[in-house]
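Residue numbers (the numbering used here): 186 to 420. Using N, Cα and C, we set each Cβ at its ideal position, and we do this for glycine too.
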């Protein structure tokens with residue numbers, strides 16, 4: 186998919202990933218996962234034909250397989266793929282889907298996290314966790330726009346394209362900060378309500394799917410555009 190440069194991966198890390206993928210599923214414990222995540226970004230992989238497939242969740246995934254010993258292949262390396270074309274095209278990555286049970290799956294949001302922080306998953310206590318998808322209007326909070334370090338320009342574009350498939354409402358966003366003791370907890374909020382969709386179930390499904398596009402530790406909700414008025418800005 187990308188012709189910008191020839192990729193070169195780390196052969197030692199490629200070997201480590203190959204050994205991990207040969208392990209039985211029952212033995213893939215936390216240590217297995219940590220070793221995988223520490224090595225996968227630099228390892229060499231070969232692509233599939235077709236390169237991109239739709240996952241069971243309906244989202245697009247770039248397929249990576251382990252290279253075969255002694256055979257030439259075009260090398261794909263995640264640390265280069267992410268900035269070169271993954272971010273722009275809104276792709277996840279799936280490893281060895283032909284097995285039936287893939288070796289691993291990264292959502293687009295996991296790869297956004299890697300793009301921003303150099304790791305696929307981040308533990309953070311700076312995000313507000315709530316049980317409802319909509320914002321309560323009687324809470325005093327600070328609002329502004331999320332920076333490039335929270336939602337890159339490419340991700341805003343991909344999110345907008347996704348949402349415009351399902352609603353005629355212009356998707357807008359704010360970043361909220363609410364006091365929690367001596368700290369502030371962040372949350373992304375969209376100007377979407379059930380009235381903007383075919384049904385409440387459709388709305389809930391689309392809202393849930395937004396999580397695929399965002400780092401796993403982010404939290405988000407929705408509210409009427411009038412709640413934050415001009416603080417809402419288009420994606």
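Cβ-Cβ separation, residue j to residue i (assumed contact under 8 Å), whole Å
i           : j           : result
residue 192 : residue 262 : 4 Å
residue 300 : residue 267 : 5 Å
residue 345 : residue 356 : 5 Å
residue 224 : residue 198 : 4 Å
residue 309 : residue 402 : 4 Å
Member of the options whose CA lies at the smallest distance from the CA of residue i
i           : options               : result
residue 229 : 239, 292 and 259      : 259
residue 202 : 332, 343 and 249      : 249
residue 294 : 387, 287, 393 and 310 : 393
residue 289 : 385, 206 and 415      : 206
residue 285 : 241, 236, 199 and 383 : 241
residue 364 : 310, 325, 303 and 238 : 325
residue 414 : 358, 366 and 399      : 358
Beta strand (DSSP E) segment containing residue i, residue limits
i           : result
residue 249 : 245–250
residue 365 : 357–365
residue 233 : 231–239
Beta-carbon spacing of residue i, residue j below 8 Å
i           : j           : result
residue 361 : residue 409 : no
residue 381 : residue 412 : no
residue 194 : residue 227 : yes
residue 347 : residue 375 : no
residue 313 : residue 370 : yes
residue 297 : residue 338 : no
residue 196 : residue 237 : no
residue 397 : residue 292 : yes
Where the alpha helix (DSSP H) through residue i begins and ends
i           : result
residue 206 : 196–206
residue 311 : Premise fails: residue 311 is in no alpha helix (DSSP H) and is neither H nor E.
residue 263 : 263–266
4-residue-minimum alpha helix (DSSP H) runs that sit fully inside the stretch 328–411, ordered along the chain: 338–349 and 385–395
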